[in-house]
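Encoded as structure tokens, the structure appears first; notes follow it.
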Amino acid sequence: MPIFQLNVNGKRHTVNVDGNMPLLWAIRDVLGLKGTKFGCGVAQCGACTVHLDGRAVRSCSVDVGAAQLSNITTIEGLSYDGGELHPCQKAWIELGVPQCGFCQPGQIMSAAALLKAHPHPDDTQIDDAMRGNICRCGTYPRIRAAIHKAAGDRT
Amino acid sequence: MSNVTRRKFLRDAGIGAGALVWGCYIAPDDLFGKLSLPKLIHEGVPLGKDNFFVSIVPIEGTIVITTHRAEMGQGIRSSLAAVLADEMEADWDRVRLIQARAASDKYAIKFPFEVKNELPFPYEKTYTLKEQYLIPAEGSQFTDSSRSMTAYFKPMRLFGAGVRLTFERATAKVFNVDVSECHARQHKIYAGNNSIDFGDPRLLFHASKLGDPKYVDVDDALKKPKDWVFINAAKKPMPFADAEDMVTGKPIYGADYHLDGMLTAMIERCPVANGQIKSFDATAALAVPGVRNVQRVLPPNLPPGGVGQAFIPHAGIAVIADNTWAALKGRRALRPTIVWDNDQNPNAAYDSTNFRQTLKDSTASKGNLVRRTKADVTDADFDSANTVEAEYYVPHLAQAPMEPPVATALFKNGTIEIWAPTQNPDGAQQAVGRVLLNIAPEADLDEGTKKRIREIVTLHMPLLGGGFGRKSKPDYIIEAAFLAIQNPGVPIRLQWTREDDIQFSYYNAVSSQYMKANVEGKKTTALLQRSAFTSFFGTLFPESRAKARAEMFGGGVYPYGSGIERAQGLEDMPFNVPKLLIENCPAKNYIRVGWMRSVANLYHAFAIGSFADELARKAGEDSKKYLLELIGEGRLLDLPSEKVALYRNNELPIDIINLPVEGSQVRQIVPGYPPDTHHLRAVVQKVAEVSQWDDNVRKYSGTRRGLGIAAHRSFLSYVATVIDVSFNEKDELTINNVYTVVDCGLAVNPDRVKAQMEGAVVYGLSAALLGEITVKNGAVEQHNFDDYPVLRIHQTPRNIDVTIMEVDKETPPTGIGEVGVPTIAPALANAIVAAGGPRIREIPFYRKVKVLL
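Residue numbers (the numbering used here), protein chains in the order written: chain A, 2 to 156; chain B, 12 to 864.
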């Protein structure tokens, strides 16, 4: 099987896998980073969202081969492990966003990418950026409030 | 019987530990000898001989609280622990939580004294045992029916207070002062100028010498509401222990365990319930790099599961591989080679479109009597000019928790170890034990066998990535166990895909409700309801055992509904109509049926809540006003006088249970939870107030904006909801505001109560607007979130306003997890009519109105 170089959370990894393996499974099964979740496998739910060069992508639908030249950030790397939490993570805790918590890494990765592109998003921009992330517990109202809070805007 | 002899008696009787011991007893042997250091650090020393909920690490003073219920988003892990810590006066920063394994016998709650009285239902079922239980062992960890806080609030308080009382008594010995001078506060006991930390070995030594405090003393020692810290967020918000982990990706969910040598399995299942494998060819799958093995899941002697086979899974063929991707690829290669055998299988003819007509036909004739007023309803009560008739339909629905089912199992030396997200750890443990001991799926187990199963099956509980009822069924855990047994010594992680989850759920029942009423002038004089739904009990038990099981679960021999389902909004229909007749009509199962958040309340509340609005419109009255008129003056429902033989009040007593305790003192042991329409009226009035119903109804009259209202009691709580919708010039529906009011007794953790109610609005809207599982040739037609859509953020109302009713702080807490769902569909349907849209009598609504997709 081919060998790929993956740059994840600032660290270089060499993985020896099928080139069509979705990035999600390389991250979870090969690198052992379990914060990125499997929810649907077809880019419908957003639980597997990671950053590829700062953009939010569904890692279940990116081949590992296509990711090897990019800087990949997972939820574990968002706050530079042990460092200060990302403003989204802080806002999520302050507003008690999570319920079961399973989709929240993906939600936060999408929200963090949104804030990078639009530091003060309005509700429509939030809808557009976050509609790819499903939460069955129904935490959407608090997600919206937490994004505004992380942006330093009204909550 | 004294405490000690009673406990000895229990052990002799083989019932085991699990008694609620209110105090603190630490054997010096345990403290200084038998326990190893790592065990001490991780688990501490138990406070109380048979107490499994709380222990302490000596010197360090860390309080270790065992959380025994499934955490799936309700926040119950933190909430119950915080209740205990609050009563103990523990410092939350020095509290550590550990998640219990499956061990139901440890978490039963017994009456803390001998009970001679005949107790009312539901306790009669436990009467055959030699002890009486407040909460029996079986089910003590089963996180269903929104019951965790209702059942464990008082026991957790008593535990905490018992430990605190014992610590205060021990402090009196340490400092040689009177116990009245000793008071616990924030992990210390103060006595005059002295103080002693909870971890101080002197304190623990003296505590270990004290006997258990008496129940009445502990009961008296309970904190007064004014002294609460976390409970009801009196002084501080309730802690949310897992929040930081959840936002940093740290917690362990079902798929996140890593075991050395672990392989990943995926299963291709027969799409039809009870179907068999005719043939398959493993060659192509085995040729996929990383695939290790292809094997049948079920042993050859076991008929495949589906309907009437307890939780035995569908027939399936597993692909076992080095990682998830290889398993997925192998399964794709295997799929086209499989030939299923459904030649003799009646389920293969199941078609949900045709079945809708079957249900409708079922409600066209008289069903089993559920409830009727003294004055019987006859055809003469309906005058064609004044009659209102309607039929309501709710299709099968899938729970679709974000985490698809997953389970890891390791079989070694005749024992099995499981790591799995489940709402029912003890149920799953027993189900796996049957597999291991080769016991028929529906056979009753004696206590000895149950005990043996607890010894040979270990089940670890991670956090659940949502449950909503799906993970109350152990089928996926049984699959993992079957595979592990075929691969001894190899940990097998069985991963379900989303397609597996949507296609092999235990679906919420499909149901049809026929409603008919007579409206004379403005008054509804007669009301008939016929409910047909596919009962879960048809899925669980073979027809041969239907009668025996019906006795156990309170009436309704399959294909009629069980007592549990009938009690969810049908038997306790709240309207005070002079003539009332409620019937249950038969419906058979052809796919697996289970429970989804709010269960039978979902379809009963949809029908009743919508019909109330139809009656209001027929009478030409305001919907809120008419709803209150239908409910009538506040009253306690007197169901026995209306032919309801055994109303299963979420398995809790209707009346208060007061019992003599330790001599002549009488104490309230269980608060009663009567269905009381005073509360229903109050939430209706409150939601009208917060939604400014009267003003807004007037304001929107004649426009394309309108309000709808509905109210319902479920899981002992009362909810009323107003939804405000409008249509734009393109006839597209927008939900502007949702106002929902809940009376759940004492809101122990107000923020999580709000969170659950917000989530329930989203879950309810999801079901109402979009929810639909259809079946053709016995196979489910939906696959993933593209064809089984659920609500997304852009479809969620910008304003979801939750109000918690203020109650006396001594009011016992009632259910919260599911109670917010039932009112959503009817309130939305009613709002759509108010805004000039069509009357929608079937889910999903998007077939009738344009919804933003």
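Idealized CB from N, CA, C, for every residue including glycine.
Residue i and residue j closer than 9 Å at C-beta
| i | j | result |
| --- | --- | --- |
| leucine 781 of chain B | valine 749 of chain B | no |
| proline 69 of chain B | glycine 301 of chain B | no |
| asparagine 304 of chain B | alanine 329 of chain B | yes |
| proline 762 of chain B | alanine 244 of chain B | One detail in the question is off: residue 762 of chain B reads as aspartate in this sequence, not proline. Cβ atoms of aspartate 762 of chain B and alanine 244 of chain B: closer than 9 Å. |
| tyrosine 799 of chain B | glycine 476 of chain B | no |
| arginine 382 of chain B | leucine 592 of chain B | yes |
| tyrosine 711 of chain B | alanine 840 of chain B | no |
| tyrosine 403 of chain B | glutamine 524 of chain B | yes |
| arginine 107 of chain B | valine 56 of chain B | no |
| isoleucine 94 of chain A | glutamate 255 of chain B | yes |
| valine 772 of chain B | glycine 97 of chain A | no |
| threonine 751 of chain B | aspartate 812 of chain B | yes |
| alanine 401 of chain B | glutamate 625 of chain B | yes |
| alanine 321 of chain B | alanine 418 of chain B | no |
| leucine 864 of chain B | glutamine 806 of chain B | yes |
Selected residue, minimal CA-CA separation from residue i, among the options
| i | options | result |
| --- | --- | --- |
| lysine 235 of chain B | B:Thr294, B:Ala838, B:Arg850, B:Lys820 | B:Lys820 |
| isoleucine 288 of chain B | B:Asp352, B:Ala148, B:Tyr268 | B:Asp352 |
| threonine 714 of chain B | B:Ala842, B:Glu554, B:His269 | B:Ala842 |
| proline 315 of chain B | B:Ala451, B:Thr364, B:Ala699 | B:Ala451 |
| glutamate 769 of chain B | B:Asp797, B:Glu829, B:Pro823, B:Phe153 | B:Glu829 |
| glycine 478 of chain B | B:Gly72, B:Thr78, B:Met83 | B:Met83 |
| arginine 280 of chain B | B:Pro324, B:Pro224, B:Ala296 | B:Pro324 |
| threonine 426 of chain B | B:Ser483, B:Val468, B:Asp155 | B:Val468 |
| aspartate 486 of chain B | B:Val844, B:Ala284, B:Ala93 | B:Ala284 |
| glutamine 152 of chain B | B:Asn358, B:Gln434, B:Ile87 | B:Gln434 |
| glycine 444 of chain B | B:Thr419, B:Ile488, B:Leu339 | B:Ile488 |
| phenylalanine 738 of chain B | B:Trp704, B:Val844, B:Tyr571, B:Val399 | B:Val844 |
| methionine 277 of chain B | B:Pro250, B:Thr259, B:Trp336 | B:Trp336 |
| valine 399 of chain B | B:Ala630, B:Ala431, B:His805 | B:Ala630 |
| valine 708 of chain B | B:Val736, B:Val730, B:Arg692, B:Lys697 | B:Val736 |
Burial state of residue i (16 or more Cβ within 10 Å)
| i | result |
| --- | --- |
| glutamate 640 of chain B | buried |
| arginine 13 of chain A | exposed |
| alanine 81 of chain B | buried |
| lysine 246 of chain B | exposed |
| valine 764 of chain B | buried |
| glutamate 700 of chain B | exposed |
| threonine 139 of chain B | Residue placement at threonine 139 of chain B is flagged as unreliable, the pLDDT there being 37, under the threshold of 50; a coordinate-derived value is accordingly withheld. |
| histidine 269 of chain B | exposed |
| serine 2 of chain B | Residue 2 of chain B lies beyond the stretch modelled for chain B, which goes from 12 to 864, so this question has no answer here. |
| glutamate 135 of chain B | In this prediction, glutamate 135 of chain B scores a pLDDT of 49, lower than 50, which makes its location untrustworthy; no coordinate-derived value is stated. |
| methionine 526 of chain B | buried |
| proline 585 of chain B | buried |
| lysine 141 of chain B | Its pLDDT being 41, under 50, lysine 141 of chain B is placed unreliably by the model, and nothing is read from it. |
| glycine 756 of chain B | buried |
| aspartate 28 of chain A | What sits at residue 28 of chain A in the sequence shown is isoleucine, not aspartate. Classification of isoleucine 28 of chain A: buried, given that the 10 Å Cβ count is 16 or more. |
| threonine 137 of chain B | Caution applies to threonine 137 of chain B, whose pLDDT of 37 falls short of 50 and renders its modelled position unreliable; the value that the coordinates give is listed next. Threonine 137 of chain B should be labelled buried. |
Any non-hydrogen atom of the ligand MN closer than 8 Å to residue i Cβ
| i | result |
| --- | --- |
| lysine 235 of chain B | Although the ligand MN was asked about, the structure shown includes no ligands whatsoever. |
Checklist entry - Touch check for the stretch 785-795 of chain B and the stretch 672-688 of chain B: three-plus C-beta pairs under 8 Å? => result Contact between the stretch 785-795 of chain B and the stretch 672-688 of chain B is not established, with fewer than three Cβ pairs separated by less than 8 Å.
Item to check | the stretch 403-416 of chain B touching the stretch 600-611 of chain B, judged by at least three CB pairs closer than 8 Å | outcome: The stretch 403-416 of chain B makes contact with the stretch 600-611 of chain B; the number of CB pairs closer than 8 Å reaches 3 or more.
Checklist entry - Just checking, does the stretch 76-93 of chain A make contact with the stretch 33-46 of chain A on the three C-beta pairs under 8 Å criterion? => result Proximity of the stretch 76-93 of chain A to the stretch 33-46 of chain A meets the contact definition, three or more beta-carbon pairs being nearer than 8 Å.
Next on the checklist: Under 8 Å, with one C-beta from each stretch per pair, do the stretch 130-148 of chain A and the stretch 110-117 of chain A reach the 3-pair mark?
Outcome noted: The stretch 130-148 of chain A, when compared against the stretch 110-117 of chain A, does touch it at the 8 Å Cβ threshold.
Checklist entry - Does the count of Cβ pairs from the stretch 18-26 of chain A and the stretch 47-65 of chain A closer than 8 Å reach three? => result Under the 8 Å Cβ criterion, the stretch 18-26 of chain A counts as touching the stretch 47-65 of chain A, having at least three qualifying pairs.
Checklist entry - Do the stretch 525-537 of chain B and the stretch 504-511 of chain B make contact, defined as three or more Cβ pairs closer than 8 Å? => result Counting C-beta pairs closer than 8 Å gives fewer than three between the stretch 525-537 of chain B and the stretch 504-511 of chain B, which falls short of the contact rule.
Item to check | Interface positions of the stretch 701-713 of chain B facing chain A (Cβ-Cβ less than 7 Å), listed along the chain | outcome: When C-beta distances to chain A are compared with 7 Å, every residue of the stretch 701-713 of chain B stays at or above that value.
Next on the checklist: Tell me which residues of the stretch 16-31 of chain A have at least one Cβ-Cβ distance to chain E shorter than 9 Å, keeping chain order.
Outcome noted: Annotation note: the requested chain E is absent from the structure, which comprises protein chains A and B.
Next on the checklist: I'd like to know if the stretch 656-676 of chain B and the stretch 597-604 of chain B are in contact, where contact means that at least 3 CB-CB pairs between them fall below 8 Å.
Outcome noted: Touching, no.
Checklist entry - Name the residues in the stretch 90-106 of chain A whose C-beta lies less than 7 Å from a C-beta of chain B; which are they? => result Cβ contacts with chain B come from Gln90, Trp93, Ile94, Gly97, Pro99, Gln100, Cys101, Gly102, Phe103, Cys104, Gln105, Pro106.
Item to check | Contact list for the stretch 416-439 of chain B against chain A, Cβ threshold 8 Å | outcome: Result list empty, no residue passes.
Checklist entry - Residues in the stretch 32-51 of chain A with C-beta within 9 Å of chain B's C-beta atoms, listed in sequence order? => result Correct list: Gly33, Leu34, Lys35, Gly36, Thr37, Lys38, Phe39, Gly40, Cys41, Gly42, Val43, Gln45, Cys46, Ala48.
Item to check | Selection of the stretch 116-127 of chain A by Cβ proximity to chain B, strictly under 9 Å | outcome: Listed in sequence order: Asp124, Thr125, Ile127.
Checklist entry - Taking contact to mean at least 3 C-beta pairs separated by less than 8 Å, is the stretch 219-232 of chain B in contact with the stretch 161-175 of chain B? => result Touching, yes, given that three or more Cβ pairs across the two stretches are closer than 8 Å.
Item to check | Contact list for the stretch 238-264 of chain B against chain A, Cβ threshold 9 Å | outcome: For the stretch 238-264 of chain B, the beta-carbon criterion of a distance under 9 Å to any beta-carbon of chain A is satisfied by Pro248, Phe251, Asp253, Ala254, Glu255, Asp256, Met257, Val258, Thr259, Gly260, Lys261, Pro262, Ile263, Tyr264.
Item to check | Contact list for the stretch 811-836 of chain B against chain A, Cβ threshold 7 Å | outcome: Within the stretch 811-836 of chain B, the qualifying residues are Ile811.
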